[in-house]
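Student: Going by our numbering, the sequence shown opens with residue 203, and the numbers climb by one from there.
Every residue gets a Cβ at the ideal spot worked out from N, C-alpha and C, and that includes glycine.
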Amino acid sequence: MEGHQLLSDEHADENGLPICNVCGEKRYIINPLNNRLCYCLCSCQKEALNKKEEDLKKRQQDVKIEQLKLTSLLGKRYKNVTFENTEVDEENLGIYSRVKRYAEKYDEMLKNGYGFYVYGKNGVGKTHLLACLCNYLTERFQTCAFTNFLNIAEEIRQSYSDDHFESDVITKYSKVSFLFIDDFGKESYKKLKSDTNNLWLEEKIFEILNNRYNNMLPTIFSSNYSLKEMVQAFGFDKAIIDRIFELSTQIFEMKGRNRRYDLSSRGCW
Ligand SMILES: [Zn+2]
203 MEGHQLLSDE
213 HADENGLPIC
223 NVCGEKRYII
233 NPLNNRLCYC
243 LCSCQKEALN
253 KKEEDLKKRQ
263 QDVKIEQLKL
273 TSLLGKRYKN
283 VTFENTEVDE
293 ENLGIYSRVK
303 RYAEKYDEML
313 KNGYGFYVYG
323 KNGVGKTHLL
333 ACLCNYLTER
343 FQTCAFTNFL
353 NIAEEIRQSY
363 SDDHFESDVI
373 TKYSKVSFLF
383 IDDFGKESYK
393 KLKSDTNNLW
403 LEEKIFEILN
413 NRYNNMLPTI
423 FSSNYSLKEM
433 VQAFGFDKAI
443 IDRIFELSTQ
453 IFEMKGRNRR
463 YDLSSRGCW
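1) Can you tell me whether Ser245 is buried or exposed, with buried defined as 16 or more other CB within 10 angstroms of its CB?
2) Does the beta-carbon of Ala347 have 16 or more other beta-carbons within 10 angstroms, so that it is buried, or is it exposed?
3) Which residues does DSSP pair with Leu381 in a beta bridge?
4) Say yes only if the C-beta of Cys336 is nearer than 7 Å to one or more non-hydrogen atoms of ligand 1, and no if none qualify.
5) So what's Tyr427 in DSSP terms, helix, strand or just coil?
6) Is Gln247 near ligand 1, in the sense that its beta carbon is under 7 Å from a heavy atom of that ligand?
7) Between Leu465 and Gly325, what straight-line distance do the alpha-carbon atoms span, to the nearest angstrom?
8) Do Phe454 and Ser425 have their beta-carbon atoms positioned less than 8 Å apart in this structure?
9) Could you please give the first and the last residue of the uninterrupted alpha helix (DSSP H) stretch that includes Cys336?
10) Quick one, are the C-beta atoms of Cys242 and Arg229 less than 8 Å apart?
11) Could you give the C-beta distance for Ile443 and Met432, rounded to a whole number, given that I count them as a contact under 8 Å?
12) Within its chain, find whatever has a CB closer than 8 Å to the CB of Met203; leave out the 5 residues flanking it on each side and keep chain order.
13) Just verifying my parser: in three-state terms, what is the DSSP assignment at Thr451?
14) Just to confirm the assignment: which complete alpha helix (DSSP H) runs, minimum length 4, are found wholly within the region 271-316?
15) Taking only three categories from DSSP, how would you classify Glu212?
16) Starting from Arg238, trace the beta strand (DSSP E) in both directions and tell me its first and last residue.
17) Using a threshold of 7 Å, is the CB atom of Cys225 nearer than that to any non-hydrogen atom of ligand 1?
18) List the residues that DSSP assigns as beta-bridge partners of Cys222.
19) Determine the direct distance from the alpha carbon of Glu306 to that of Arg279, and round the result to whole angstroms.
20) Enumerate in chain order the residues of its own chain whose CB-to-CB distance from Thr329 is below 6 Å, with the five nearest sequence positions on each side excluded.
21) Suppose the cutoff is 7 Å on Cβ atoms and the five residues either side in sequence are ignored; what does the same chain contact list for Pro420 look like?
22) What is the DSSP secondary structure of Phe408, reduced to helix, strand or coil?
23) For Phe447, tell me which candidate among Phe436, Ala435, Asn412, Asn417 has the shortest Cα-Cα distance.
24) Taking Ser428 as the reference, which of Glu216, Ser450, Asn417, Met418 has the closest Cα?
25) Buried or exposed: where does Phe367 fall if 16 or more other Cβ atoms within 10 Å of its Cβ makes it buried?
26) Is Arg445 buried or exposed, if buried means 16 or more other CB atoms sit within 10 Å of its CB?
27) So Thr273 and Cys334 are supposed to be a Cβ contact under 8 Å. How far apart are they, rounded?
28) Leaving out five residues on either side along the sequence, give the residues of the same chain with a beta carbon under 8 Å from the beta carbon of Gly327.
29) So, at 6 Å on beta carbons, what are the nonlocal neighbours of Ile297 in its own chain, with the 5 sequence-adjacent residues on each side left out?
This is the structure we're talking about:
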């Protein structure tokens with residue numbers, strides 16, 4: 203204590219020892235081991251220190267969430283959509299509630315490897331709904347990948363031309379905690395099929411889905427088509443559809459008007 207200079211928020215007591223101007227507590231104690239005076243923090247100092255630590259922790263968490271959002275590959279448009287800031291009407295209330303319930307029980311879903319499949323017409327808001335879930339999960343420090351089979355295929359193809367390995371891509375999508383396959387459908391499939399060199403991609407897709415099935419990791423799909431339509435109308439590989447069916451513990455149809463032409467959501471200038 204000797205030589206302690208009073209701080210601007212302290213005054214001296216009758217013995218010249220520091221007292222906090224704000225809470226009036228002593229900023230010294232007598233060390234019982236050697237009976238010497240030592241400086242100690244008052245309540246406001248402790249509170250300020252805690253706040254500083256919490257702020258630092260929060261900043262570190264924000265950085266981690268930002269990284270998880272970045273690696274999730276979710277597009278900028280959907281980066282900040284949440285269950286809370288999404289307007290839900292009678293038409294989509296049911297499905298939003300169910301997916302929100304899934305979100306709230308994510309640890310259980312992860313433990314059991316539960317995924318789901320949501321299908322419905324173009325523009326009813328499937329991607330938006332899944333983006334809400336993806337953001338909910340990354341904000342809780344879960345690793346997610348939000349992509350589609352075409353992008354995965356492109357990534358595999360690119361791995362041949364740069365220094366990466368195809369197996370790295372497969373491993374990445376096989377291991378991420380929650381994999382979102384958005385817009386699973388005939389277009390991408392036709393495109394894959396049309397290029398005869400790409401027939402192997404079907405195998406790669408199956409490999410990823412199979413790994414996830416074996417590792418009990420959740421996979422979430424959105425599509426314009428039901429699984430039945432995939433097989434019947436588009437001749438999708440039955441083994442893949444079977445795997446998707448097994449990965450999807452729930453299958454929902456999303457109905458409603460096409461929200462893409464909703465003028466109220468447009469910006470003004
Ligand atoms: Zn104080």
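Tutor: Taking the structure as given:
1) Per the 10 Å Cβ criterion, exposed.
2) Per the 10 Å Cβ criterion, buried.
3) BP columns for Leu381 point to Ala347, Thr421.
4) Not one heavy atom of ligand 1 sits closer than 7 Å to the Cβ of Cys336.
5) For Tyr427, the secondary structure class from DSSP, reduced to helix, strand or coil, is coil.
6) Distances taken from the Cβ of Gln247 to the heavy atoms of ligand 1 include one shorter than 7 Å.
7) Here Leu465 scores only 49 on pLDDT, less than 50, and its place in the model is too uncertain to base an answer on.
8) The Cβ-Cβ distance between Ser425 and Phe454 does not fall below 8 Å.
9) In the DSSP assignment, Cys336 falls within the unbroken alpha helix (DSSP H) covering 328-340.
10) For Cys242 and Arg229, yes; Cβs fall inside 8 Å.
11) Your pair Ile443 and Met432 checks out as a contact, with CB atoms roughly 6 Å apart and the cut at 8 Å.
12) Listed in chain order, the non-local C-beta contacts of Met203 below 8 Å within the same chain comprise Leu219, Tyr230, Arg238, Leu239, Cys240, Tyr241, local neighbours out to five positions each way being set aside.
13) Thr451 falls in the strand class under three-state DSSP.
14) Counting only runs of 4 or more, we get 292-306, 308-314.
15) Here Glu212 sits in strand by DSSP.
16) Where Arg238 is concerned, the enclosing beta strand (DSSP E) stretches over 238-241.
17) Relative to ligand 1, the nearest heavy atom lies less than 7 Å away from the CB of Cys225.
18) According to DSSP, which records beta bridges pairwise, Cys222 is partnered with Glu212.
19) Rounded to the nearest angstrom, the two C-alpha atoms are 23 Å apart.
20) Taken in chain order, the residues that qualify are Asp384.
21) Cβ neighbours of Pro420 beyond the five flanking positions: Met311, Leu312, Gly315, Tyr316, Gly317, Phe380.
22) DSSP places Phe408 in helix when its eight states are reduced to three.
23) Ranking Phe436, Ala435, Asn412, Asn417 by Cα distance to Phe447 puts Asn412 first.
24) For Ser428, the nearest C-alpha among the options comes from Ser450.
25) So Phe367 ends up on the exposed side.
26) By the 10 Å Cβ count, Arg445 comes out buried.
27) In fact, because the Cβ distance is near 18 Å, the residues do not count as touching under 8 Å.
28) Its chain contains Asn294, Met456, Gly458, Arg461 as the residues whose beta carbon lies nearer than 8 Å to that of Gly327, once the 5 sequence neighbours on both sides are disregarded; these appear in chain order.
29) Once the five neighbours on either side are set aside, the close Cβ partners of Ile297 are Phe454, Met456.
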